[in-house]
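Peer 1: Numbering (my numbering), first residue to last: -7 to 427.
Just so it is clear, CB atoms sit at the ideal spot from N, CA and C, and this is done for glycine as well.
Here the structure is a predicted model, which is why all the values come from computation and not from measurement.
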């Protein structure tokens, strides 16, 4: 599976778990995103964790890993997700009163953007409380993300954007995003310097920006304003679309497959009966993985509909892939497709194309099955394993629990039926994720 592409060189398909493990773990330092990838992203994402390689990436990964494990981060997540779940409930309630048709996917995107901006900056962009209000930052962020994705299939994007309407809109969108983040970071920096560190004990920190600003390296150095902006924007672009897309696909499967819907409703009803109608709506961050029906449905959703259907790395040196794999030359691109692997019967068995949450449950013990991260590759693998996988999982489990505990939803149009083992449903865009 080797191809040659003009301007890119050789492209080798490595869509096998053992080959991906070799590239992403065993020989991690030998395969990078590369300067071309960085160049396409730099004007929006700077030198953040998502665009970087080598020592620059290692430093940012180290900082982010520490932040994602502190107890205060868990408290931020829990409070924000629960708050925004209630706002989603109010919106759906307003639609239910008059039987209105509404766009559930659009609502999920508003939810994930709203919650992440609150988690990151303690800013309410009113995406859920005032959904009809113009969302300058959200619109600019969406447009910039769309253009970044388009650059991967437009070799001459720099020239095209210089003279096109797309380029003009991109520059305007970038300015909005930059001003939004600049104002917040610079204002917070001024507040912190005015108050002094003694005025801000550990327990008072309320968002990701505070946690990153408090970070100090072994030699006492903190992050610059530019590093803070790059870091937060990289995490936002990595975590926002992926969760909204997964929520959309998961809901679609629930609403088109009665057995999947029933298992989740039974789990919700049991929780409400055990904890009460109000308390049962809120799932504690430490125990959400006990909600097996929702979690396994989420994992099966990500298996068949990975947020990154395909990805590439560039080889820094000659190599040979294991188990009879091809020879890789320095400068070659290696491609892997999680979408294709999910439908490969040699990897997932003869029912690979079927949506079966039960594949994640051990028939004998009833416990959740833990597949290799290179087979169930939707959260990436190796040193770049997704830092936010637990956050995303909690977010999905809590919101699905809240919505379907309160409402019975149905699709206006079930869309095309299955054909040749594939769900023929609307296409989706490739997300920009995995730091």
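(1) Which two residues bound the contiguous beta strand (DSSP E) that contains residue 106?
(2) Would you call the CB atoms of residue 334 and residue 296 closer than 7 Å?
(3) Take every Cβ of the region 49 to 57, pair it with every Cβ of the region 348 to 368, and state whether three or more of those distances are shorter than 8 Å.
(4) How long is the line joining the alpha carbons of residue 227 and residue 42, rounded to whole angstroms?
(5) Excluding sequence positions up to five away, which residues of its chain have a Cβ less than 7 Å from the Cβ of residue 203?
(6) Answer with buried or exposed for residue 38, where buried requires no fewer than 16 other C-beta atoms within 10 angstroms of its C-beta.
(7) Between the C-alpha atoms of residue 423 and residue 237, what's the straight-line distance to the nearest angstrom?
(8) Which of the three DSSP states is assigned to residue 159 in this structure?
(9) Compare the C-alpha of residue 176 against each of 214, 133, 112, 162 and name the closest.
(10) Contact check, residue 320 vs residue 332 under 8 Å by CB: the rounded distance?
(11) Using 8 Å as the cut-off, can you tell me whether the region 372 to 381 makes contact with the region 11 to 22, which would need three or more C-beta pairs spanning the two stretches below that distance?
(12) Thinking residue 277 and residue 72 are a contact (beta carbons under 8 Å), I'd like their distance in whole angstroms, please.
(13) What span of residues does the alpha helix (DSSP H) with residue 344 cover, start to end?
(14) For residue 420 and residue 92, what's the separation of their Cα atoms in angstroms?
(15) Quick one: give me the first and last residue of the beta strand (DSSP E) that residue 302 is part of.
(16) Take the Cβ of residue 235 as the centre, count every other Cβ of all protein chains shown within 10 Å, and call the residue buried at 16 or more, exposed below.
(17) Are the beta-carbon atoms belonging to residue 120 and residue 90 less than 7 Å from one another?
(18) Assign residue 405 to buried or exposed, taking buried as 16 or more other Cβ atoms, counted over all protein chains shown, within 10 Å of its Cβ.
(19) What does a CB cutoff of less than 6 Å around residue 394 pick up in its chain, not counting 5 residues either side in sequence?
Peer 2: In this structure, then:
(1) Per DSSP, residue 106 belongs to no beta strand (DSSP E); it is in the alpha helix (DSSP H), 96 to 113.
(2) yes
(3) no
(4) 8 Å
(5) 59, 62, 64, 65, 197
(6) buried
(7) Residue placement at residue 423 is poorly supported in this model, since its pLDDT is 47, which falls under 50; the coordinates still yield a value, given next. Going from the Cα of residue 423 to the Cα of residue 237 covers about 9 Å.
(8) helix
(9) 112
(10) Not really, about 19 Å apart at Cβ, beyond 8 Å.
(11) yes
(12) No, residue 277 and residue 72 are not in contact; Cβ-Cβ is about 11 Å, not under 8 Å.
(13) Here residue 344 belongs to no alpha helix (DSSP H), and DSSP marks it neither H nor E.
(14) Low per-residue confidence applies at residue 420: pLDDT is 47, beneath 50, and the placement is therefore not dependable, though the value from the model is reported in the following sentence. Between residue 420 and residue 92, the C-alpha separation is close to 25 Å.
(15) 302 to 307
(16) buried
(17) no
(18) exposed
(19) 77, 273
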